[in-house]
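**Q**
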Amino acid sequence: MSATAARSPVRRVRVGEAEVGLRSSGTPGPDVVLVHGIGASSRYFERLAAELARDCSVHLVELPGHAGMERPREAPTMAGYGSAVAAALRQAGVEDALLAGHSMGCQVVVEAALADPDLAASLLLLAPTVNQAERSIAAQAFRLAQDTLRESAAVNRIVFTDYLRAGPRWYLGTLRRMMDHRMEERLALVECPVAVISGSTDPIVPRSWLLRLEAARSGVALGEIPAAPHVLMWTHAGQTAEWVRKLRKGVQ
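The sequence shown begins at 2 in the numbering used here and counts up by one.
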């Protein structure tokens, strides 16, 4: 996908009190949906989307209250975000898709798969939150600060300008919802194939947490991308795209 596709005009889909944004591009083929994390936007998926658009229909999601999308009166729960994404994708005619989330977006796609099981052919969880052993705002803030030192200047510029656009009130409201969610319990209920991937230098998502998610249900595939930080799909887009293709082919 060229810059034109990644930055194409957003389709605003009304779901209850909120809006979900969708940018769709690529070639006729399997649907791949990319869902960003807390405070962020789809911009940091650009490189991965470009890789995938060669043989997939790619759908970049903007969550309610993020990237200029209208927001409800208060931040949704993770289940609320997931239901909104599922409903928006259905309105757009997307079904039987690979749902890929990053960071908090992993929690959202798990909930989308639970809300609409026929929507999700498989799930790819990229650097999923929230580590069970560090489930506090202070711990997560510290890990985020550590990761910032490992990310490129381009990623930090994208992420922090997106945080400013979301605003502190929305960010903090969503953060509380994110911390309340129990990924390990909800993942156990998902029926479709799942792969969980992290970067080897990601301080937010240690291997111990990945192993906890692997144990949550049978058949979870684990992967690690060497030398990748938290925003692995930007720094290692090609390797991340290979995991999408493996999952599409049913490699577990």
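Glycine included, C-beta positions come from ideal geometry on N, C-alpha and C.
None of the values given here were measured: they were computed from a predicted structure.
Excluding the 5 residues flanking E96 on each side, which residues of the same chain have their C-beta closer than 7 Å to its C-beta?
**A** D119, L120
**Q** With the cut-off set at 8 Å, would you say G224 and A128 are in Cβ contact?
**A** no
**Q** Assign S25 to one of three DSSP states: helix, strand, or coil.
**A** strand
**Q** Buried or exposed: which applies to P194, given that a residue is buried once 16 or more other Cβ atoms fall within 10 Å of its Cβ?
**A** buried
**Q** Grouping DSSP H, G and I as helix and E and B as strand, with all else coil, what is A7?
**A** Its pLDDT being 49, under 50, A7 is placed unreliably by the model, and nothing is read from it.
**Q** V14 and A114: beta carbons closer than 8 Å?
**A** Not a contact, by the Cβ cut-off of 8 Å.
**Q** R38 by DSSP, collapsed to three states: which one?
**A** The sequence given here has Gly at residue 38, not Arg. DSSP places G38 in the coil class of the three-state scheme, outside both helix and strand.
**Q** Enumerate, from N- to C-terminal direction, the unbroken beta strand (DSSP E) stretches of 3 or more residues contained entirely within the segment 110-140.
**A** 121-127
**Q** Can you give the Cα-Cα distance for G239 and E52, rounded to whole angstroms?
**A** 7 Å
**Q** If R144 sits next to E135, beta carbons under 8 Å apart, how far is it from one beta carbon to the other, in whole angstroms?
**A** That pair is a contact at about 7 Å.
**Q** By how many angstroms is the C-alpha of A50 removed from the C-alpha of A101?
**A** The straight-line gap from Cα to Cα measures roughly 11 Å.
**Q** Looking at the unbroken alpha helix (DSSP H) that takes in F84, where does it start and where does it end?
**A** The sequence shown places Ser at residue 84, not Phe. Unbroken alpha helix (DSSP H) run through S84: 79-92.
**Q** Sorted by chain position, which residues of the same chain lie with C-beta nearer than 6 Å to S219's C-beta, five sequence neighbours on each side aside?
**A** none
**Q** Apply the 10 Å Cβ neighbour rule to R178 and answer buried if 16 or more other Cβ atoms are within range, or exposed otherwise.
**A** buried
**Q** Tell me whether F161, by its Cβ, gets closer than 7 Å to a heavy atom of the ligand COA.
**A** As far as ligands go, the structure on display features none, and thus does not contain the ligand COA.
**Q** I believe L35 touches V59 by the beta-carbon criterion, under 8 Å. Please report the beta-carbon distance rounded to the nearest angstrom.
**A** 7 Å
**Q** Using a Cβ-Cβ cutoff of less than 7 Å, which residues in the same chain neighbour I159 once the five nearest sequence positions on both sides are dropped?
**A** R44, Y45
**Q** Would you check if there are 3 or more beta carbon pairs closer than 8 Å linking the segment 64-78 to the segment 163-181?
**A** yes
**Q** Near D203, which residues of its chain fall below 6 Å by C-beta distance, leaving aside the five closest residues on each side in sequence?
**A** Correct list, in chain order: A128, P230, H231.
**Q** For I205, which option in G38, V131, V111 has the closest C-alpha, if you only look at C-alpha atoms?
**A** Answer by Cα proximity: V131.
**Q** Of the choices A68, T28, G17, whose alpha-carbon is the least far from that of A87?
**A** G17
**Q** Hey, V111 and R187 are a contact pair by Cβ (cut 8 Å); roughly how many whole angstroms apart?
**A** 5 Å
**Q** Taking Cβ positions, are A189 and A222 nearer each other than 8 Å?
**A** The answer is no: Cβ separation not under 8 Å.
**Q** Would you decide whether A154 is buried or exposed? Buried here means 16 or more other CB atoms lie within 10 Å of its CB.
**A** Exposed, because fewer than 16 other Cβ atoms sit within 10 Å of the Cβ of A154.
**Q** Excluding five sequence neighbours on each side, which residues of the same chain lie with their C-beta closer than 7 Å to the C-beta of S209?
**A** A134
**Q** In the DSSP output, what is S153 paired with across the bridge?
**A** The partner list for S153 (beta bridge, DSSP) is empty, contrary to what the question assumes.
**Q** Taking all protein chains shown into account, do 16 or more other C-beta atoms lie within 10 angstroms of the C-beta of M234, making it buried, or fewer, making it exposed?
**A** Around the beta carbon of M234, a 10 Å sphere encloses 16 or more other beta carbons of the protein chains shown; the residue is thus reported as buried.
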